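As numbered in the UniProt record's numbering, residues 1 to 560 make up the sequence shown, in order. Note that the Cβ used here is the ideal one computed from N, Cα and C, for glycine as well. Being a predicted model, the structure only gives us computed values, none of them experimental. Reviewing the structure listed below.
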Amino acid sequence: MTASTLRVGNASGFYGDRFDAMREMLTGGPLDVLTGDYLAELTMLILGRDRLKDPNAGYARTFLRQLEECLGLAHERGVKIVANAGGLNPAGLADAVRALADRLGIPVRVAHVEGDDRTAAHPDSLAAHAYLGGFGIARCLRAGADVVVTGRVTDAALLTGPAAAHFGWAPTEYDRLAGAVVAGHVLECGAQATGGNYAFFGEGGAERPGFPVAELHQDGSSVITKHPGTGGLVDIGTVTAQLLYETAGARYAGPDTTARLDTVRLTQEGRDRVRIDGVRGEAPPPTLKVGVNRLGGFRNEVVFVLTGLEIESKAALVRQQMRAAFAESRPAQLSWDLVRTDRPDAPTEETASALLRLVVRDPVQEKVGRILSGAAVELALTSYPGFHVSAPPGRGTPYGVFEAAHVPQDAVDHVAVLHDGRRVPVPAPRDTAALDAVPEPPLPQPLPPGSVRRAPLGLVAGARSGDKGGDANVGVWARTDDAWRWLAHELTADRFRRLIPEARDLPVTRHTLPNLRALNFVVEGILGEGAAAQARFDPQAKALGEWLRSRHLDIPEVLL
């Protein structure tokens, strides 16, 4: 490791990730900085509910338990720790880390970043937080902090902050910052960059993939790798998959810079080593995204198990009986979903059964609680033959809704609170640029006509999908140049809608990224009011890409 290289590892992709990853990363190989991403849109809602019960809560307690085991290791090895585990209460977490360090007798300097909390500006919200950039983190590190905890920063800021501190980058060095943003986006979800959740998971080490490491250079280029001997793999496919995760078009906007994903170049340098270079950056947008979480009301569900013959008729009977039960007090939202998991002449009762799912929502808990449970249970001896439910419904639980708002960058008081207590304002970017759509690039030459075979898309393409508020994105990439020539012409937005019937009446935007041999589809509104509202079977759209890969198309024989 040289002074021109900053080696950054990741030990957490979400609140609840593998607990021992922090120790594995500190002992598995050399690092300068260890990051941890604990926050997601859904996590902010969970922490908001924690804070309702205890005003001193609101941060990821798992992080503290990990530090109890690992703070000494980090100190011995000279590894800085940067994490957004502060959630809704970064100052409270910083105090807790100091108390832990004092108890353990470890002389570490702890700083934190604040200014993201916009809840007062959204008085009907449970939590509203702006996505800050990395220069508050950089200021804390430059002042000598060993541990920096933040609230809601962008996931990539966990890497851009240490990079700006280490290399002395100015806020206008957009290309270098954009390179760090791209590397940070690859690292942010932990093992998703090293073979976790990978479309071609059979190609190596999926049982226990290691966590990723970025070797970042002064010019903003990087190499994505992992510690020697850890599971999983790092190749162009795993890195491409993560680059497409929860992104959209060519411009990937952030508070420090807008990274141009259409300029990213990936090169396999060797086993488990992928170089990222060529990334161009632009001035950031004039506003910051604000994630606003609200309590939407109460939710309950019951799943009726329908076995054997006349599944449709049994389902119709239950619907009619439950409508009568709700005649006097109907919930605000009521939805039915019949999942035909049954098979004819099935060898087991389970495979002979279908599932009829009823979900109800209402601002009043009583309307989704006893009314539903009473009505469902009372049908036990008066409904279809073989009546039973997967589990009795409960009292109803609160659910959240998410929406994105925006605030001018200079309206947010971004502050670095240094380890010695000094509060240093972090200025807003001097220059900004509105986000305009990038013209669609030219498509490659199509494959020449030839014989085709009806087969699943996943035989020639990978995919990864995820959620952003009520929208979902599905990134699809080809593994060869010829497959890209076919995919780019075949998988249009209209074809996507036909393959994914849920999207048939929704806005679907296709973005083309030739350098990655990839298409990125954004489906607006498919997740309703966000993951916490649980509006669909897969509320975070994590498997939407795998569903798409399972759909059949006429694929050229030369690709199969």
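When only Cα atoms are considered, Arg152 and Arg510 end up about 29 Å apart. Per DSSP, Gln218 is not a residue of any beta strand (DSSP E), being assigned neither H nor E. For Gly92, the uninterrupted alpha helix (DSSP H) run begins and ends at Pro90 to Leu104, by DSSP. Here Arg340 is exposed: its Cβ has fewer than 16 other Cβ atoms, across all protein chains shown, within 10 Å.
Less than 7 Å divides the Cβ of Arg343 from the Cβ of Thr351. Nearest to Arg504 by alpha-carbon distance, out of Gly232, Gln66 and Glu524, is Glu524. In this structure, the CA atom of Asp117 is about 21 Å from the CA atom of His419. Pairing Phe19 with Gly190, the inter-Cα distance amounts to about 12 Å.
The three-state reading of DSSP puts Ile500 in coil, since its state is none of H, G, I, E or B.
Per DSSP, the continuous beta strand (DSSP E) segment holding Phe521 begins and ends at Ala518 to Val523. The DSSP assignment places complete beta strand (DSSP E) segments of no fewer than 3 residues inside the stretch 177-254 at 212-217, 222-226 and 251-253, in order along the chain.
Membership of Lys80 in the beta strand (DSSP E) is indicated by the continuous run Lys80 to Ala83. Linking Met44 to Val279 through their CA atoms gives a straight-line distance of about 31 Å. Taking 7 Å as the cut-off, the Cβ atoms of Glu403 and Val292 count as close. Counting along the chain, Gln268 sits inside the beta strand (DSSP E) bounded by residues Arg265 to Gly270. Annotated three-state conformation of His166 is helix, per DSSP. Take the alpha-carbon of Ser465 and the one of Val264: they are about 20 Å apart. Apart from sequence neighbours up to five positions away, the residues of its chain that approach Ala315 with a beta-carbon distance below 7 Å are Leu306, Leu338 and Leu356, ordered along the chain. In the DSSP assignment, Gln320 falls within the alpha helix (DSSP H) that extends over Ile311 to Ala325. Partner residues in the beta bridge of Phe304, as assigned by DSSP, are Leu356 and Val389.
Counting along the chain, Val401 sits inside no alpha helix (DSSP H); it lies in the beta strand (DSSP E) bounded by residues Thr397 to Pro408. Leu288 is the residue among Ala375, Leu288 and Leu6 whose C-alpha sits nearest the C-alpha of Ala411. A direct Cα-to-Cα measurement between Ala85 and Ser373 gives close to 38 Å. For Val415, there is no enclosing alpha helix (DSSP H); the enclosing beta strand (DSSP E) has its first and last residue at Val415 to Val417.
For Ser12, the three-state secondary structure derived from DSSP is coil. Taking the Cα positions, Pro212 is about 34 Å away from His489. In this structure, Ala163 lies away from Arg142, with their beta-carbon atoms at least 7 Å apart.
Straight-line spacing of the CA atoms in Ser390 and Ala376 works out to 12 Å. Contact annotation: Val359 and Phe298 have beta-carbon atoms that are not nearer than 7 Å. Per DSSP, Ile137 has no beta bridge partner at all.
Three or more beta-carbon pairs separated by less than 8 Å are not found between the stretch 171-187 and the stretch 45-54, which leaves the two stretches without contact.
Counting along the chain, the unbroken alpha helix (DSSP H) around Asp482 starts and ends at Asp481 to Glu490.
DSSP, read as helix, strand or coil, puts Asn56 in coil.
Taking each of Ser335, Ala193, Glu328 and Gly281 in turn and checking the Cα distance to Val302, the smallest one comes out for Ser335. If you look at Gln365, you'll find it isn't in any alpha helix (DSSP H); DSSP assigns it neither H nor E.
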